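Heads up: the structure comes next, in structure tokens.
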Amino acid sequence: MPPDVLTGVGLLVACAVVPIAALGGRWPVLGAVVLVASGLLDNLDGAVAVLSGRVTRWGALLDAVADRVADGAACLALWAVGGWAGLALGAGVLGYLHEYARARATAVGMPDAGAITVAERPTRLIVVVMFLLGAGIYPDSAAAWGTAGAACLLAVGAVGFGQLMLVVGRTLR
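Residue numbering for the sequence shown follows the working numbering, starting at 94 and increasing by one per position.
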């Protein structure tokens, strides 16, 4: 299977988490499982590209765009279980800003990723998965789980963005 197809499938799986989480009740548990599956597919597409010798710049761009959409879906899932929209939006914006700053820093001369922060994509997914599980296991307090998850994601995102900007500032001056 071509890596770009795996990227597309991973994106569709990631987007499925929102309507699943919105069903309420115990459904957010399935949403958490779906989000884990999307993360595994995200890693699989890159591995297939490398192992099959089909690494392309287009594939790298497609993967990055799919990752950002999947990140947005994860934040929307926290809102879908009843989390506060402002926190979910803030967490999503910080996640995008984190990845955008890294990409721009690399484009203007930073020689590598800069810094591995506490807010890398796997961490962001793990945070959302944990709080979706909480919302599904304790459906009567799903809104509290969604809000707490968004707040946690926002806090992790703020620390990670700060870490990244410190390193980028030192590297590019």
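Where is the CB? At the ideal position from N, CA and C, for every residue including glycine.
The model shown is predicted, which means the values in this text are computed figures rather than measured ones.
Cβ neighbours of residue i in the same chain (closer than 7 Å, five flanking residues each side left out)
i: Asp-156; result: Thr-100, Asp-138 and Gly-139
i: Val-260; result: Gly-207 and Ala-208
i: Asp-233; result: none
i: Ala-241; result: Phe-224
i: Val-148; result: Ala-142
i: Arg-161; result: Tyr-189 and Glu-192
i: Ala-178; result: Trp-172
Close-in-space but distant-in-sequence residues of the same chain around residue i (CB under 6 Å, 5 per side omitted)
i: Gly-229; result: Arg-119, Pro-121 and Val-122
i: Gly-227; result: Trp-238
i: Val-110; result: Gly-124, Val-127, Leu-128, Ala-166 and Ala-170
i: Val-174; result: Ala-114, Pro-121, Ala-228, Ala-235 and Gly-239
Cβ-Cβ separation, residue j to residue i (assumed contact under 8 Å), whole Å
i: Leu-134; j: Gly-103; result: 3 Å
i: Leu-257; j: Arg-217; result: Between Arg-217 and Leu-257 the Cβ distance is about 13 Å, and since that is not below 8 Å, they are no contact.
Beta-carbon proximity of residue i to residue j, cut-off 8 Å
i: Ala-184; j: Gly-250; result: yes
i: Leu-171; j: Ala-125; result: no
i: Gly-262; j: Thr-210; result: no
Where residue i sits in the DSSP three-state scheme
i: Ala-173; result: helix
i: Gly-146; result: coil
i: Leu-116; result: coil
i: Val-211; result: coil
i: Ala-200; result: helix
i: Pro-95; result: coil
i: Arg-268; result: This structure cannot speak to residue 268, because the chain is shown only from 94 to 266.
**Item:** At least 3 beta-carbon pairs within less than 8 Å: the segment 141-148 vs the segment 193-205
**Value:** no
**Item:** Three CB pairs or more closer than 8 Å across the segment 97-116 and the segment 188-196
**Value:** no
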